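The listed protein sequences correspond, in order, to chains V and P.
For the first sequence, the numbering used here assigns the number 1 to the initial residue and increments by one for each residue that follows.
For the second sequence, the numbering used here assigns the number 1001 to the initial residue and increments by one for each residue that follows.
Heads up, the beta-carbon is just placed ideally off N, CA and C, and yes, glycines get one too.
No experiment lies behind these values; they were computed from the predicted model shown.
2 protein chains.
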Amino acid sequence: MLDSETKAVELPEDHAEELRLWLRLLTCTTLIEGEVRSRLRERFDVTLPRFDLMAQLDKAPDGMTLSDVSKRMMVSNGNVTGLVERLVESGHLDRRTSDTDRRVQVIRLTKLGRAEFRKMAAEHESWIADVFADLTPKDLRELMRLLAKTKASAQKSASRRRA
Amino acid sequence: MLDSETKAVELPEDHAEELRLWLRLLTCTTLIEGEVRSRLRERFDVTLPRFDLMAQLDKAPDGMTLSDVSKRMMVSNGNVTGLVERLVESGHLDRRTSDTDRRVQVIRLTKLGRAEFRKMAAEHESWIADVFADLTPKDLRELMRLLAKTKASAQKSASRRRA
DNA sequence: GCCAATTGCTTGAAGCCTAAAGAAATTCGG
DNA sequence: CCGAATTTCTTTAGGCTTCAAGCAATTGGC
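The structure is reproduced here in structure tokens:
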């Protein structure tokens, strides 16, 4: 009894399995991400971060603030600033200062931006389908379930640390 | 019969499920990666790429060539060059030109590098264990299996494109 | 109304990353 | 043995990313 308590904190336990799982998860993501990245470049001469940002905005017809984008994309504020800058420059994004709060920048897709994104998104979806082509419907559902559980567990772990 | 053939190529099929799965996979990885990154910075003032590189070298006592590292880490050659440069500079890595092929650089951990890595790796393993803490042993095995399948499927898809 | 804390965003320094081009060494076909 | 192709690594330009510091606007306590 006392043992089981001390053990968790003191003794070096074997977590090689979790480690291997994490590495495999990372490998899968890196593999797919790299694939998507080079296809986006080849077909549309666009970078993955730009695509991701446009994807967020496509889901928000009324626009988003930079903070919203930053949270959704899980990247830093400064990162978003530069990304938006380049996309405004290229005519894909429209940027306005909020009427009610002059600190806030509201961005949304321009007509051009939306049109281009839709084209890219359609192909993108088929690439992703191809990536998972060998998984059965049951595999897909099961993987979804386990990743949901993983996400929850990871979030809990992160909040434990911040506490 | 003809239908099933045309359909796969022509008709816009619904692959929303695969798309959601990919986004969830990406979210999990980003979450965990961010967590590991900030912990490495806090505790050891080291970056994730440096840690990853040292992890590769820890598994290869006789050293590795830069190309080996590049393939293993799935990053570009130029990336490795810079990374190695900084780690040699900080005394963690040792770099020598191969005796048999003057193009080849062989790198390995120094005593300092190995000692520091071992300390980091021990903590790292416990962080990862914590991330997956809510998954049962069965979950872990099942997730491992499905990710193996995903990896194989993704590799197949990537090679189809390059073909 | 005022001042402190917070929030939203930008800036700057450093590092990471890729693609593409190029330099140097090796390998291989003939 | 020669030259073409390949391999290994570096360099360059451009972009992505973080952290930390800082500025401007708003909010909330008093």
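Point to revise | Any C-beta of chain V under 8 Å from that of P/Ala1060 | key: Output row for P/Ala1060: interface = no.
Check your understanding: For V/Val104, which three-state DSSP category applies?
Key -> Secondary structure at V/Val104: coil, using DSSP grouped into helix, strand and coil.
Practice item. Express the C-alpha separation of V/Arg43 and P/Leu1066 in angstroms, rounding to a whole number. Key: Inter-residue distance for P/Leu1066 and V/Arg43 is about 30 Å (C-alpha atoms, whole angstroms).
Practice item. Alpha carbon to alpha carbon, how far is V/Thr97 from V/Arg114? Give it in angstroms, no decimals. Key: C-alpha separation (whole angstroms): 20 Å.
Review point. Going by other Cβ atoms of all chains shown within 10 Å of its Cβ, with 16 needed for buried, is P/Met1054 buried or exposed?
Key: Answer is buried; the Cβ neighbour count reaches 16.
**Study point:** Closest residue to P/Arg1162 among V/Leu26, V/Glu123, V/Arg39 (Cα-Cα distance)
**Key:** From the listed residues V/Leu26, V/Glu123, V/Arg39, the smallest Cα separation to P/Arg1162 is found for V/Arg39.
Check your understanding: If you check the beta carbons only, do V/Arg108 and V/Asp99 fall under 8 Å apart?
Key -> No, the pair does not count as a contact, with Cβ atoms beyond the cut-off.
Point to revise | Exposed unless 16 or more other CB atoms sit within 10 angstroms - verdict on V/Ala16 | key: Taking all protein chains in view, the Cβ of V/Ala16 is surrounded by fewer than 16 other Cβ atoms within 10 Å, so the residue is classified as exposed.
Practice item. Starting from the Cα of V/Phe51, find the closest Cα among V/Val106, V/Asp101, V/Asp139, V/Leu87 and give me that residue. Key: The residue with the shortest Cα to Cα distance from V/Phe51 is V/Leu87.
Check your understanding: By a C-beta neighbour count over all protein chains shown, 10 Å radius and 16 as the cutoff for buried, is V/Leu147 buried or exposed?
Key -> It is buried - the Cβ of V/Leu147 has at least 16 other Cβ atoms within 10 Å.
Exercise for review: Grab the span of the beta strand (DSSP E) containing P/Leu1093 for me, first residue to last.
Suggested key: Residues 1093-1097.
Practice item. Could you tell me which chain P residues have their CB closer than 8 Å to the CB of V/Lys119, listed as they occur along the chain? Key: Here the premise fails: no neighbours, minimum Cβ distance about 13 Å.
Check your understanding: Do three or more CB pairs link the segment 1024-1033 of chain P to the segment 136-152 of chain V at distances below 8 Å?
Key -> Output reads yes: the segment 136-152 of chain V touches the segment 1024-1033 of chain P.
Check your understanding: What is the DSSP secondary structure of V/Thr65, counted as helix, strand or coil?
Key -> If DSSP states are grouped into helix, strand and coil, V/Thr65 belongs with the strands.
Check your understanding: Under a CB-based cut-off of 8 Å, is V/Ala158 close to chain P?
Key -> Yes - at least one Cβ of chain P is within 8 Å of the one on V/Ala158.
Check your understanding: From V/Ser90, V/Gly91, V/Ser70, pick the residue whose C-alpha is nearest to that of V/Lys81; which is it?
Key -> Here residue 81 of chain V turns out to be Thr, not Lys, going by the sequence shown. Nearest of V/Ser90, V/Gly91, V/Ser70 to V/Thr81, Cα basis: V/Ser70.
Check your understanding: Looking at the structure shown, is V/Leu135 part of a helix, part of a strand, or coil, going by DSSP?
Key -> Coil.
Review point. Are there 16 or more other CB atoms within 10 angstroms of the CB of V/Glu18, so buried, or fewer, so exposed?
Key: Within a 10 Å sphere around the beta-carbon of V/Glu18 sit 16 or more other beta-carbons, which makes this residue buried.
Practice item. Give a yes or no on whether 8 Å exceeds the smallest Cβ distance from P/Val1046 to chain V. Key: For P/Val1046, the closest Cβ of chain V is not nearer than 8 Å.
Exercise for review: Using three-state DSSP, classify V/Leu2 as helix, strand or coil.
Suggested key: Low local confidence applies: a pLDDT of 49 at V/Leu2 is under 50, so the model's placement there is unreliable, with the coordinate-based value given in what follows. The answer is helix: DSSP assigns V/Leu2 an H, G or I state.
Review point. Tell me which same chain residues have a C-beta within less than 6 Å of the C-beta of V/Val46, skipping the five on either side of it?
Key: If we look at V/Val46 and ignore the five residues flanking it on each side, its Cβ neighbours are Leu40.
Point to revise | Strand pairing of V/Leu109, partner residues [DSSP] | key: Answer by DSSP bridge pairing, in chain order: V/Leu93.
**Study point:** Contact belief for V/Ser153 with P/Asp1134 at Cβ below 8 Å, rounded distance in angstroms
**Key:** The Cβ separation is near 4 Å, so the contact holds.
Review point. Nearest to V/Gly63 by CA position, among V/Lys151, V/Pro137, V/Lys111, V/Asp139, is which residue?
Key: Of the listed residues, the one whose Cα sits closest to V/Gly63 is V/Lys111.
Practice item. Give the C-beta separation of V/Leu21 and P/Leu1140 to the nearest angstrom, bearing in mind that I take them to be a contact with Cβ-Cβ under 8 Å. Key: Correct: roughly 6 Å between the Cβ atoms.
Practice item. Give the residues from the segment 1130-1142 of chain P that approach chain V closer than 7 Å (Cβ to any Cβ), ordered along the chain. Key: Hits within the stretch, in order: Asp1130, Val1131, Phe1132, Ala1133, Asp1134, Leu1135, Asp1139, Leu1140, Glu1142.
Review point. For P/Met1074 versus V/Thr29, is the C-beta spacing smaller than 8 Å?
Key: V/Thr29 is positioned such that its CB atom lies no closer than 8 Å to that of P/Met1074.
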